[in-house]
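Taken in order, these protein sequences are the chains called A and B.
The numbering of the first sequence is my numbering, which starts it at 1335 and goes up by one.
The numbering of the second sequence is my numbering, which starts it at 1144 and goes up by one.
All residues carry an ideal CB built from backbone N, CA and C; glycine is no exception.
Here's the structure, in structure tokens; my notes come after.
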Amino acid sequence: MSEATANGRRGILSNATTRTVAVHVGLYAVAILFMVPYLYMISLSLQPQEIAISSVPHLIPPEFTLANYTELLSGTLILQWVLNTFIVATTATVLVLIVDSMIAFSLTRLNWPGQSILLTIIIGSFMVPFYVNLVPLFTTVSDLGLVSSLFGVILPAVANPLGVFLLYQFFRDIPEEYGEAARLDGFSNFQIYSRIVLPISRPILSALAIFMFVYNWNQFVWPVVVLQNQASFTLPLGLVILRDTFTFRPGLFMASGIIASLPLFVLFLLLQDQIIEAVQFQGTTG
Amino acid sequence: MSIRDRFSRTEATEGSLQRRETVDGILFAVPYMVFFCVFLLYPLLQGLYMSLFEWNPLFPAQSEFLGIQNYASMLQDPAFWNALVNTVYFVVLTVPAMVIFGLALALGVNKKVIGRRYLRTIYFSPYILTVSIVGIVWSLFLSSGFGPINYYLGFIMETPPNWLGSSALAMPVLAVVTNWWLLGFNFVILLAARQNVPERLYEAARLDGAGTWRAFRDITLPQMRNAIAFVVIVQFIQQFQVFGQPYVMTDGGPNNSTMTLVYYLYNAAFSQQRFGYAAAVGYLLFGLLVVVSYVNYRYIGSDSA
């Protein structure tokens, strides 16, 4: 009996070794495939024009140049677009964090009539595809005089129900006693919100901040509709303009792509552990 | 003070506490609700109203009431059906692949592999790119003029395919690009879900002599059911709304083979100024998503959710 088990174990072990090797090969093969477009992008961005458009592609360029980067920074609106995008992403993220955490606090920690109906409406609006609203939202924003204004991009982004839902799930699981004890100490509801609930919720708030920042940094369709002059463009729109203006300048375009995504890449590197942790927390509570 | 007095005092205090809570509760909810009502709820209702009119964007009061005619003419437009078929084709090409590959990568990285941190970063990293970069990198990559793929294919075949210029290939190419771009989302969610499956379940299964396949089928899949259902539903909703990839890479072509529903809606509204019609297309899409989400929910959603 015990011998059979031991044999069985050995069989599993050698199987396991083969499997481990196979898993490594598979995962690294996919990783390389995933990186090739990236490497191509970086490589092209560093190539002089004549090499970039030669019919023989070079993944490792024979000659390096930073000309694409200097030309972009001095000859286009790209810095303006970086600034616009930064304003949009930062403002929208901050507003979302404030208003979403407030309503989530209200829905989970305070009892008042009508809150369950409100919650149902907000969660139901999850089912609404953004495009249903594209046209009427445009007329609304246009009535408010926000066409071609960055606020025309920012304010509708704050109505996104994702954050409310996420924070609602999280706040619901904070034990009731925290608030009760503070209330006996004479804390107002605002103090319970700002001094107890917000500090406890740091992980989920930072996860929401990252999702919102990436989402708003990369928003494409809505800014295409609402921003109508180049000086007000965000990066995703500006990149399309660059592509159309510099039709045969692939290196230049790739450089612009790298400038556009570098901030997000750095952000992700810094915060990736927190993203996984936060999502995990959601997984266990949701 | 009699007991009775004290009793009613407490009641009064409780009453004012409850009033306080109601007032605060509403005050805390108001800021979000303002954004929600102005930029989501109101446009949504306005859209339903607009979809019943030949909408005049400059003079809304002069709009002509059509009833359900926008919906009727949409259903009679071959271009609409083409866009619907293309969209469904795109969804079929992307959603199952994205879920299966996302799951495979998540389960792979969950094992004790060398450099899993780097692998995790690499798999997720395309997700942070904006669609215009994604579209243009891939357009260059696949181009016949100076793209590396066709250059190397040129050594082994006489005429390498014109990837984005062929009606048959363009949509599958967009699907592959979409997989590369958005897989990271599924990967992260599924990885987190896998890490929530208690290891002791696998240990117990191993003691019972269950092999890898059995463990996958009897533990991993059922335990991850909620996360998988979530990913499937989110991807269905997202991929039904595909717009950026064809907009940047193919312009809906060649021969309208990558014209999707949202692209069609976008053209109706912003090229042809047919706002009422576009709103009708939007509501049809909404209806489709409700049905699809409901079906998904019925078949793969958990019993508890």
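Within-8 Å CB hit, residue i to chain C
i                  : result
Val1492 of chain A : No chain C appears in this structure, whose protein chains are A and B.
Under 8 Å between C-beta atoms of residue i and residue j
i                  : j                  : result
Ala1406 of chain A : Leu1586 of chain A : It should be noted that the sequence gives Leu, not Ala, for residue 1406 of chain A. It is a contact, given that the beta carbons lie within the stated cut-off.
Asn1213 of chain B : Gln1205 of chain B : no
Leu1183 of chain B : Ser1450 of chain A : no
Pro1490 of chain A : Leu1471 of chain A : yes
Val1498 of chain A : Tyr1420 of chain B : no
Leu1571 of chain A : Val1558 of chain A : yes
Thr1363 of chain B : Thr1237 of chain B : no
Ile1412 of chain A : Ile1592 of chain A : no
Asp1361 of chain B : Ala1348 of chain B : yes
Gly1395 of chain B : Gly1278 of chain B : no
Gln1381 of chain A : Pro1395 of chain A : yes
Tyr1440 of chain B : Ile1376 of chain B : yes
Phe1267 of chain B : Val1316 of chain B : no
Thr1230 of chain B : Ala1313 of chain B : no
Gly1290 of chain B : Pro1391 of chain A : yes
Phe1554 of chain A : Val1274 of chain B : yes
Thr1425 of chain A : Ile1488 of chain A : yes
Leu1092 of chain B : Met1461 of chain A : No answer is possible for residue 1092 of chain B: the residues shown for chain B start at 1144 and end at 1448.
Phe1418 of chain B : Val1469 of chain A : yes
Val1548 of chain A : Ile1271 of chain B : yes
Val1357 of chain A : Val1242 of chain B : no
Ala1240 of chain B : Thr1403 of chain B : no
Given residue i as reference, the closest of the options once Cα atoms are compared
i                  : options                                       : result
Leu1187 of chain B : B:Leu1431, B:Val1438, B:Ala1422 and B:Val1434 : B:Ala1422
Arg1323 of chain A : A:Tyr1372, A:Arg1443, A:Ile1575 and A:Leu1380 : Coverage of chain A is limited to positions 1335 through 1620, which leaves residue 1323 of chain A absent and any answer about it impossible.
Asn1349 of chain A : B:Thr1156, B:Leu1312, B:Thr1355 and B:Ala1372 : B:Thr1355
Pro1495 of chain A : A:Leu1431, A:Leu1569 and A:Pro1533            : A:Leu1431
Ile1456 of chain A : A:Gly1486, A:Leu1468, A:Tyr1502 and A:Ile1488 : A:Tyr1502
Ile1575 of chain A : A:Phe1368, A:Ala1356 and A:Thr1410            : A:Thr1410
Ile1366 of chain A : B:Ser1287, B:Tyr1407 and B:Ile1265            : B:Ile1265
Val1475 of chain A : B:Asp1351, B:Leu1431, B:Phe1178 and B:Val1434 : B:Phe1178
Val1355 of chain A : B:Gly1251, B:Leu1283, B:Ser1310 and B:Tyr1406 : B:Gly1251
Asn1369 of chain B : B:Asn1339, B:Phe1208 and B:Tyr1426            : B:Asn1339
Val1374 of chain B : B:Arg1357, B:Tyr1409, B:Leu1334 and B:Thr1393 : B:Leu1334
Ile1276 of chain B : A:Leu1596, A:Asn1523, A:Val1469 and A:Val1481 : A:Leu1596
Phe1244 of chain B : B:Asn1398, B:Arg1163 and B:Trp1323            : B:Trp1323
Glu1425 of chain B : B:Tyr1345, B:Met1193, B:Arg1162 and B:Val1234 : First, the residue type needs correcting, since residue 1425 of chain B is Gly and not Glu in the sequence shown. The residue with the shortest Cα to Cα distance from Gly1425 of chain B is B:Met1193.
Leu1427 of chain B : B:Pro1315, B:Tyr1407 and B:Arg1441            : B:Tyr1407
Gln1161 of chain B : A:Trp1446, A:Arg1536 and A:Ser1590            : A:Trp1446
Leu1209 of chain B : B:Gln1416, B:Ala1412 and B:Phe1196            : B:Phe1196
Ala1222 of chain B : B:Ile1332, B:Val1405 and B:Ser1268            : B:Val1405
Glu1342 of chain B : B:Leu1326, B:Phe1359 and B:Gly1430            : B:Phe1359
Arg1583 of chain A : A:Asn1402, A:His1358, A:Glu1611 and A:Ile1394 : A:Asn1402
Met1367 of chain B : B:Ala1247, B:Trp1281 and B:Thr1165            : B:Ala1247
Phe1545 of chain A : A:Ala1423, A:Val1357 and A:Pro1371            : A:Ala1423
Phe1439 of chain A : B:Arg1337, B:Phe1171, B:Ala1226 and B:Ala1215 : B:Phe1171
Leu1598 of chain A : A:Phe1485, A:Glu1510, A:Arg1353 and A:Thr1419 : A:Thr1419
Thr1404 of chain A : A:Ser1379, A:Glu1397 and A:Thr1352            : A:Ser1379
Tyr1374 of chain A : A:Leu1393, A:Val1357, A:Glu1384 and A:Gln1383 : A:Leu1393
Residue range of the alpha helix (DSSP H) that includes residue i
i                  : result
Val1189 of chain B : It should be noted that the sequence gives Gln, not Val, for residue 1189 of chain B. Where Gln1189 of chain B is concerned, the enclosing alpha helix (DSSP H) stretches over Tyr1185 to Met1193.
Tyr1403 of chain A : Ala1401 to Gly1409
Asp1434 of chain A : Ile1412 to Arg1443
Leu1246 of chain B : Pro1221 to Asn1253
Asn1399 of chain B : Segment: none, Asn1399 of chain B is in no alpha helix (DSSP H) and carries neither H nor E.
Gly1572 of chain A : Leu1569 to Thr1579
Arg1357 of chain B : Thr1355 to Ala1358
Glu1384 of chain A : Gln1383 to Ala1386
Gln1449 of chain A : Gln1449 to Gly1458
Trp1281 of chain B : Val1274 to Leu1285
Ile1376 of chain B : Arg1368 to Phe1383
Phe1521 of chain A : Here Phe1521 of chain A belongs to no alpha helix (DSSP H), and DSSP marks it neither H nor E.
Val1320 of chain B : Ser1310 to Gln1338
Asp1477 of chain A : Leu1468 to Asp1477
Thr1403 of chain B : Counting along the chain, Thr1403 of chain B falls outside any alpha helix (DSSP H), and DSSP gives it neither H nor E.
Cβ-based contacts, 9 Å cut-off: residues of the segment 1344-1375 of chain B near chain A: Residues Arg1349, Gly1352, Gly1354, Thr1355, Asn1369, Ala1370 and Phe1373.
Where the segment 1392-1425 of chain B meets chain A: residues whose CB sits under 8 Å from a CB there: Within the segment 1392-1425 of chain B, the residues whose Cβ lies closer than 8 Å to some Cβ of chain A are Val1405, Leu1408, Tyr1409, Ala1412, Phe1413, Phe1418, Ala1421, Ala1422 and Gly1425, listed in chain order.
For the pair the segment 1305-1314 of chain B and the segment 1279-1292 of chain B, tell me if three or more CB-CB distances fall below 8 Å. Yes, the segment 1305-1314 of chain B is in contact with the segment 1279-1292 of chain B.
Specify whether the segment 1515-1528 of chain A and the segment 1420-1434 of chain A touch according to this definition: at least 3 beta carbon pairs, one from each stretch, less than 8 Å apart. Not touching, per the Cβ criterion.
Got a sec: which bits of the segment 1565-1592 of chain A sit with their beta carbon under 8 Å from any beta carbon on chain B, in order along the chain? Those would be Leu1569, Pro1570, Leu1571, Leu1573, Val1574, Arg1577, Pro1584, Phe1587, Met1588 and Gly1591, in chain order.
In chain order, what residues of the segment 1300-1324 of chain B put their CB closer than 7 Å to some CB of chain A? Here the close residues are Trp1323.
Chain B contacts made by the segment 1375-1400 of chain A, where a contact means CB separation under 8 Å: Taking 8 Å as the Cβ-Cβ cut-off against chain B, the residues of the segment 1375-1400 of chain A that qualify are Met1375, Leu1378, Ala1386, Ile1387, Ser1388, Ser1389, Val1390, Pro1391 and Leu1393.
Below 7 Å between beta carbons is the criterion; list the residues of the segment 1216-1246 of chain B that meet it against any residue of chain A, in chain order. Listed in sequence order: no entries.
For the segment 1450-1471 of chain A, list every residue whose C-beta sits within 8 Å of some C-beta in chain B, in sequence order. Those would be Leu1452, Ile1455, Ile1456, Ser1459, Met1461, Val1462, Pro1463, Phe1464, Tyr1465, Val1466, Asn1467, Leu1468, Val1469, Pro1470 and Leu1471, in chain order.
When you check each C-beta in the segment 1255-1273 of chain B against every C-beta of chain A, which residues fall closer than 9 Å? The residues in question are Lys1255, Val1256, Ile1257, Gly1258, Arg1259, Arg1260, Tyr1261, Leu1262, Arg1263, Thr1264, Ile1265, Tyr1266, Phe1267, Ser1268, Pro1269, Tyr1270, Ile1271, Leu1272 and Thr1273.
Please name the residues in the segment 1163-1186 of chain B whose beta-carbon is closer than 9 Å to at least one beta-carbon of chain A, in chain order. Cβ contacts with chain A come from Arg1163, Glu1164, Thr1165, Val1166, Asp1167, Gly1168, Ile1169, Leu1170, Phe1171, Ala1172, Val1173, Pro1174, Tyr1175, Met1176, Val1177, Phe1178, Phe1179, Cys1180, Val1181, Phe1182, Leu1183, Leu1184, Tyr1185 and Pro1186.
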